[in-house]
Each structure stands twice: as C-alpha cells, then as structure tokens.
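Student:
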Amino acid sequence: MSIEYTSSEMMTVTAARALENGMTCFVGIGLPSEAANLARLTHAPDVVLIYESGTLQTRPEVLPLSIGDGELAESALTTVAVPEMFRYWLQGGKISVGFLGTAQIDRYANLNTTLIGDYHDPKVRLPGGGGAPEIATNAGEVFITLKHSKRAFVKDVDFVTTLGFGRDGKGRDGVPNIGKGPTRVITDLCVMKPDPETKELTVVSLHPGVSREDVCDATGWEIRFAGELASTPEPSAHELEILRELKERTERQHAGE
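Per the working numbering: the sequence shown = residues 612 to 868.
1. Return yes when the Cβ of Gln668 is within less than 8 Å of the Cβ of Leu674, no when it is not.
2. Considering Cα atoms alone, identify which of Ala687, Val624, Glu824 is closest to Ser760.
3. Just to check my reading of the structure: Val815 and Val802 have Cβ atoms closer than 8 Å, yes? What is that Cβ distance to the nearest angstrom?
4. Grab me the residues of Tyr616's own chain with a C-beta within less than 6 Å of its C-beta, minus the 5 sequence neighbours each way, in chain order.
5. Strictly by DSSP, which residues pair up with Leu803?
6. Across the region 767–778 and the region 710–727, are there enough close Cβ pairs to call them in contact, namely three or more that are closer than 8 Å?
7. If you scan the region 618–665 from start to end, which runs of the beta strand (DSSP E) of 3 or more residues do you find wholly inside it?
8. Which value, in whole angstroms, describes the spacing of the CA atoms of His654 and Tyr662?
9. Specify the secondary structure class of Ile716 as computed by DSSP and reduced to three states.
10. Smallest Cα separation from Gly838: which of Asp806, Phe776, Asp729, Thr690?
11. Please state if the CB of Val624 and the CB of Leu649 are separated by a distance shorter than 8 Å.
12. Is it buried or exposed, Pro793, if we count other Cβ atoms within 10 angstroms and call 16 or more buried?
13. How about Thr725 and Thr690: do their beta carbons lie closer than 8 Å?
14. What does the alpha-carbon distance come out to for the pair Leu711 and Ser613?
15. Tell me whether Glu620 is buried or exposed, calling it buried when 16 or more other Cβ atoms sit within 10 Å of its Cβ.
16. What is the C-beta distance between Thr635 and Ser707, in whole angstroms, given that I count them as a contact (C-beta under 8 Å)?
17. Taking the DSSP output, what are the residues bridged to Ser842?
18. Drop a sphere of 10 angstroms on the beta-carbon of Val821, count the other beta-carbons inside from all chains shown, and report buried for 16 or more, exposed for fewer.
19. Hey, how far is the Cα of Glu842 from the Cα of Ser618?
20. Below 7 Å CB to CB, which residues in the same chain sit around Pro671 once its five sequence neighbours on both sides are set aside?
21. Excluding the five sequence neighbours on either side, which residues of its own chain have a C-beta within less than 8 Å of the C-beta of Asn632, listed in chain order?
22. Whose C-alpha, out of Thr813, Leu840, Pro819, Pro844, is nearest the C-alpha of Thr830?
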C-alpha cells in the first residue's frame, strides 16, 4: 500500500535524512528547523542542534517561531552569549554543518535574503542575513532547503547576502580557513549538488513523480542534470507520523491551546 504524502513533506524528510548522528548543526529558522528537528526525533537522536541565539544542544518540543523563541532556551543544554556562539563555536570550527533557508538562490548557490529588485529602489526588502553569511563561511559544509520556483531559483541573485561560490563559481578559490560551502540543495522537487569543477548546481536526484521538465519549468536558468540521475527514496510511515505530530504540536501551542 502506497503512503500518501505532500511535496513539502517529501522535502522535509529528505532534508532531515541529510543530517547524521554526531553532527553539530547550526540551524536556521523555518524549513531548516523543521528538518533538523525531524532528524533528531527519528534517525539522529544525538545530532547537536545549535541556534543563533546561543542555545546549545537544543531539543524543542515544538518548532520555534524565531531564534528568540523561549522554547529554544528552555529546552537547551545551556545557553551562551551570541558573541561566544559565533567566535568560539562557529569561527572555532566546531560546527560541522549549517542548515539554511533563503528567499533567492542562484546557479552558484549564492543566497539572497536582503532585497528583491534594484538595491537603491527595491521591490521588496527582506529580513537580511542574520548569521547566515558567517555560518556559510565557517561551518564545515552547508545544506540549503527551500521550495522550488522560478521566483526563488534565479540565474543571478539580486544581492549576494550569503556566499555560495560567488558570481563565477570561483568565490571560494584560494581563500584559507573556509568551509566547503553549500554541498546540497534540497527542494520539494529534487536534490542538487554543486558540480565538482564549475560549482554550478546540478540535479542529482528527482523526487518520486517529478520529471526533468518539472524541474526545468521551476528553475530560472538552464538547469543541468547528473549523468546518473537517482530517484529520491520516499518518506517512511514513521517519518511522516513524527513530522505530522511535531507540526500539530507546534500549531496547537502557537494558537494558545
């Protein structure tokens, strides 16, 4: 009997599976937080989740609304000052993976969370970088998760808030003491990884029921596909049950029930 699930659930489960036990993960709010906590509640109970507000080994019962959500501090092993978080933990090389979301991403995995449109006369002002530029610079590697659309996946971002591989794919070349940068991008359609040579994002796995045309139609540049294209494994009943319970708990608490 086939299991019913949404494309959003497929994305979250796939993103969660990217995390492994023993990893220390700097978690962004939103989709990355959802995926990271699903990993902690399923196959990776010993993953160490760290949030930008200084909460170490956080184990929230519900998903936080922001990095300032009291749930994070209450469920953490300890809380440290933000300067210590960045200076000692992040810049000290103690974070194995940063898990980020974004508003815009381009073919070289640069992220934009600053503005849409012209810098001097933007159509939309976004929240800004927060800790993402430092996370992308100092974490061992970066995972990115977001929904796939031409509005989000653009050939060149309007503003490079967070460096992927620069405007030409060479932004990390010859720079000492820097992490690998983005190693995978997980969407509701597919999984992408940077080409080893050019650093341009390449589709390596399609989710069940998704065609190459679906991905091409949702991407703002001529997307490339790996020679051996994999099919992403479907979510298990257990993963879906845990994810749905987590989201239901979160909705009830945020509704004040």
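Even glycine gets a Cβ: it sits at the ideal position worked out from N, Cα and C. Source: prediction; values computed, not measured.
Tutor: On the basis of the coordinates in this document:
1. As a working mapping, residue 674 is identified with position 63 in the sequence shown. As a working mapping, residue 668 is identified with position 57 in the sequence shown. Against a cut-off of 8 Å, the Cβ pair of Gln668 and Leu674 comes out as no contact.
2. Here the question's residue 760 lines up with position 149 in the sequence shown. Per the Cα distances, Glu824.
3. Residue mapping note: residue 815 aligns to position 204 of the sequence shown, counting from 1. Residue mapping note: residue 802 aligns to position 191 of the sequence shown, counting from 1. Val815 to Val802, Cβ: 6 Å. Contact.
4. Position 5 of the sequence shown, counted from the start, is the residue given in the question as residue 616. The residues are Pro846, Leu851.
5. For the purposes of this step, residue 803 is taken as residue 192 along the sequence shown, with counting starting at 1. One detail in the question is off: residue 803 reads as Met in this sequence, not Leu. Val796, Val814.
6. yes
7. 635–638, 659–662
8. Here residue 654 is taken as the residue at index 43 of the sequence shown, counted from 1. Here residue 662 is taken as the residue at index 51 of the sequence shown, counted from 1. Approximately 20 Å between the Cα atoms of the pair.
9. If you number the sequence shown from 1, residue 716 lands on position 105. In the structure shown, Ile716 sits in a strand (DSSP, three-state: E or B).
10. Translated into positions along the sequence shown, residue 838 becomes position 227. Nearest of Asp806, Phe776, Asp729, Thr690 to Gly838, Cα basis: Asp806.
11. In the sequence shown, the residue the question calls residue 649 occupies position 38. In the sequence shown, the residue the question calls residue 624 occupies position 13. For Leu649 and Val624, yes; Cβs fall inside 8 Å.
12. Position 182 of the sequence shown holds residue 793. Burial call: buried.
13. The residue labelled residue 725 in the question sits at position 114 within the sequence shown. The residue labelled residue 690 in the question sits at position 79 within the sequence shown. No; because the gap between Cβ atoms is not below 8 Å, this pair is not in contact.
14. Indexing the sequence shown from 1 puts residue 711 at position 100. Indexing the sequence shown from 1 puts residue 613 at position 2. Straight-line Cα distance between these residues: approximately 31 Å.
15. Along the sequence shown, read from residue 1 onward, the residue named residue 620 stands at position 9. Result: buried.
16. Residue 635 sits at position 24 when you count from the first residue of the sequence shown. Residue 707 sits at position 96 when you count from the first residue of the sequence shown. Between Ser707 and Thr635 the Cβ distance is about 5 Å, and since that is below 8 Å, they are a contact.
17. Locating residue 842 in the sequence shown gives position 231, where the first residue counts as 1. Answer by DSSP bridge pairing, in chain order: Leu817.
18. In the sequence shown, residue 821 corresponds to position 210, counting from 1. So Val821 counts as buried.
19. Stepping through the sequence shown from its first residue, residue 842 is reached at position 231. Stepping through the sequence shown from its first residue, residue 618 is reached at position 7. This sequence places Ser at residue 842; Glu is not what is there. Distance between the alpha carbons of Ser842 and Ser618 is about 14 Å.
20. Here residue 671 is taken as the residue at index 60 of the sequence shown, counted from 1. Within the same chain, Pro671 has close Cβ partners Asn648, Glu682, Leu683, Ser686.
21. For the purposes of this step, residue 632 is identified with residue 21 of the sequence shown, where counting begins at 1. Answer for Asn632: His654, Ala655, Pro656, Asp657, Val658, listed in chain order.
22. Taking the sequence shown and counting its residues from 1, the one referred to as residue 830 is at position 219. The option with the nearest alpha carbon to Thr830 is Thr813.
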